[in-house]
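Trainee:
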Amino acid sequence: MTAEGDEIRAKHVLVSTGITDELPDVPSVEELWGQRIFHCPYCHGNEVRNRRIAVIGGLNPGFTVRMVHLLRKWSPNITFFPNGLSLGETDLKQFAARGIEVNNKPVQQVAADPDSSEGLILRVDGEKIRFESCFVGPAFHPNHQLLIEVGCQHEDGWVQQSNGRTSQQNLWTAGNVTSSPDQVPQAMGAGAATAIAIDQAMLTAELSELV
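For the sequence shown, position 126 matches number 935 in this note's numbering, and the numbering has no gaps at all.
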C-alpha cells in the first residue's frame, strides 16, 4: 500500500529504507552535516590528514570513543568534546596515552569558518575555537517500521536477516536498514547480493510449479 492509498502486488519485496542519523543537539550541526561535519573516519580520514580536528560527542558513546581513536591514525591534533557523554577512567587514560586532548566544556554552537572552505569555529563555553575539520558521533536509528509491523524477527533494535532474507516469507532487506555501519559500496553490494538471492528464489518457485 502506497502513501497515496494505491495497492501494488508483488511476489517478493525488497526493503532498503536505510537509517536515520540522530545528531548531537548543537546549533548548526545539522546544517553543516555532510559538508563540514562528518562521522566516518574510513570515509574521510585521509581527507583530514594532519588537520586540527574536533570531535563532538553526546549520543553514541561506544561509537564516538572508537571514532576518536581511529582519527588519531590520521592526525596527531585531535580535541574531543564529550559534550555530556560520560567517560570512564580507562577512556581518559587511553586518550592521554595517545595524546588526545579532552575538553569537558560544553559546545554551544558550530559555525562555518568564513576564512576557510572546510574549517569550522566552535563556540565552547563562550570561547571561539577554530578547527580545520569536525566529526560527531550520531545515534543510528534503522528505518524498519514496515518490517516490524509485518512481524519480522528483531533483536537489540535490529531486524534479523540472513543473506537478505527476513523471517517473513518473500520479504527481503539490504543496506543499513538491518546493519550498521555500512558504507555506500557495502550497501550496494548487499543490494546486488539480495537481488540475486531473490531471482534464485523466484526461479526455484517457478520450477517447482512445473512438476
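Ideal placement from N, C-alpha and C gives every residue a C-beta, glycine not left out. Because the structure is a prediction, the values reported are computed rather than measured.
(1) Closest to P836 by C-alpha separation, out of Q918, Y851, A1010, L931, would be which residue?
(2) Could you check whether D834 and P947 sit closer than 8 Å to each other, using their CB atoms as the reference points?
(3) Which of the three DSSP states, helix, strand or coil, is assigned to H963?
(4) According to DSSP, simplified to helix, strand and coil, what is L896?
(5) For H953, which three-state DSSP category applies?
(6) Kindly indicate if chain B contains any beta-carbon less than 8 Å away from that of A983.
(7) Whole angstroms is fine: what's the gap from G998's alpha carbon to N979's?
(8) Closest by CA to V824, which one among K882, L1019, I887, V959?
(9) Let me confirm a value: R845 is counted as buried when at least 16 other C-beta atoms fall within 10 Å, else exposed. Which label applies?
(10) In angstroms, rounded to a whole number, what distance separates the CA positions of F847 and D815?
(11) Would the beta-carbon of P915 fall within 8 Å of that of D900?
(12) Do V993 and T826 count as a contact pair if the criterion is CB distance below 8 Å?
(13) Among I938, S942, L955, which residue has its Cα nearest to the Cα of T811?
(14) Measure the C-alpha to C-alpha separation of N855 and P951 and round it to an integer number of angstroms.
(15) Could you tell me whether the region 958–975 touches the region 879–888, using the rule of 3 or more Cβ pairs below 8 Å?
(16) So what does DSSP say about I1007, is it helix, strand or coil?
(17) In chain order, what residues of the same chain have a beta carbon less than 6 Å from the beta carbon of I865, not counting five sequence neighbours either side?
(18) Measure the CB-CB distance between T982 and Q970 and report whether it falls below 8 Å.
Mentor: Quick look at the numbers:
(1) In the sequence shown, the residue the question calls residue 836 occupies position 27. Ranked by Cα distance from P836, the options Q918, Y851, A1010, L931 are led by Q918.
(2) Mapped onto the sequence shown, residue 947 falls at position 138. Mapped onto the sequence shown, residue 834 falls at position 25. In this structure, the beta-carbon distance from P947 to D834 does not fall below 8 Å.
(3) What you label residue 963 is simply residue 154 of the sequence shown in a count that begins at 1. If DSSP states are grouped into helix, strand and coil, H963 belongs with the strands.
(4) Numbered from its first residue, the sequence shown carries residue 896 at position 87. Coil.
(5) To locate residue 953, count along the sequence shown from 1; it is residue 144. In the structure shown, H953 sits in coil (DSSP, three-state: anything other than H, G, I, E or B).
(6) Among the protein chains of the structure shown there is no chain B, as only one such chain exists.
(7) What you label residue 998 is simply residue 189 of the sequence shown in a count that begins at 1. What you label residue 979 is simply residue 170 of the sequence shown in a count that begins at 1. Note on geometry: alpha-carbon atoms of G998 and N979 lie some 20 Å from one another.
(8) Translated into positions along the sequence shown, residue 824 becomes position 15. Relative to the Cα of V824, the nearest Cα in the group K882, L1019, I887, V959 belongs to V959.
(9) Working through the sequence shown from its first residue, we reach residue 845 at position 36. Buried: at least 16 other Cβ atoms inside 10 Å.
(10) Within the sequence shown, the letter at position 38 stands for residue 847. Within the sequence shown, the letter at position 6 stands for residue 815. Straight-line Cα distance between these residues: approximately 38 Å.
(11) The residue given as residue 915 occupies position 106 in the sequence shown. The residue given as residue 900 occupies position 91 in the sequence shown. P915 places its beta carbon 8 Å or farther from that of D900.
(12) Locating residue 826 in the sequence shown gives position 17, where the first residue counts as 1. Locating residue 993 in the sequence shown gives position 184, where the first residue counts as 1. Not in contact: T826 and V993 (Cβ atoms no closer than 8 Å).
(13) Translated into positions along the sequence shown, residue 811 becomes position 2. Nearest option by C-alpha distance: L955.
(14) Counting from 1 along the sequence shown, the entry for residue 855 is found at position 46. Counting from 1 along the sequence shown, the entry for residue 951 is found at position 142. Just so you know, the alpha carbons of N855 and P951 end up roughly 28 Å apart.
(15) With a cut-off of 8 Å, the region 879–888 and the region 958–975 do not count as touching, because too few Cβ pairs lie within range.
(16) Along the sequence shown, one-based indexing puts residue 1007 at 198. It is helical.
(17) As a working mapping, residue 865 is identified with position 56 in the sequence shown. Taking C-beta separations shorter than 6 Å and ignoring five residues to either side along the sequence, the partners of I865 in its chain run P833, F890, N892, V916, V945, following chain order.
(18) On the sequence shown, residue 982 is found 173 positions in, with the first residue counted as 1. On the sequence shown, residue 970 is found 161 positions in, with the first residue counted as 1. In this structure, T982 places its C-beta atom within 8 Å of the C-beta atom of Q970.
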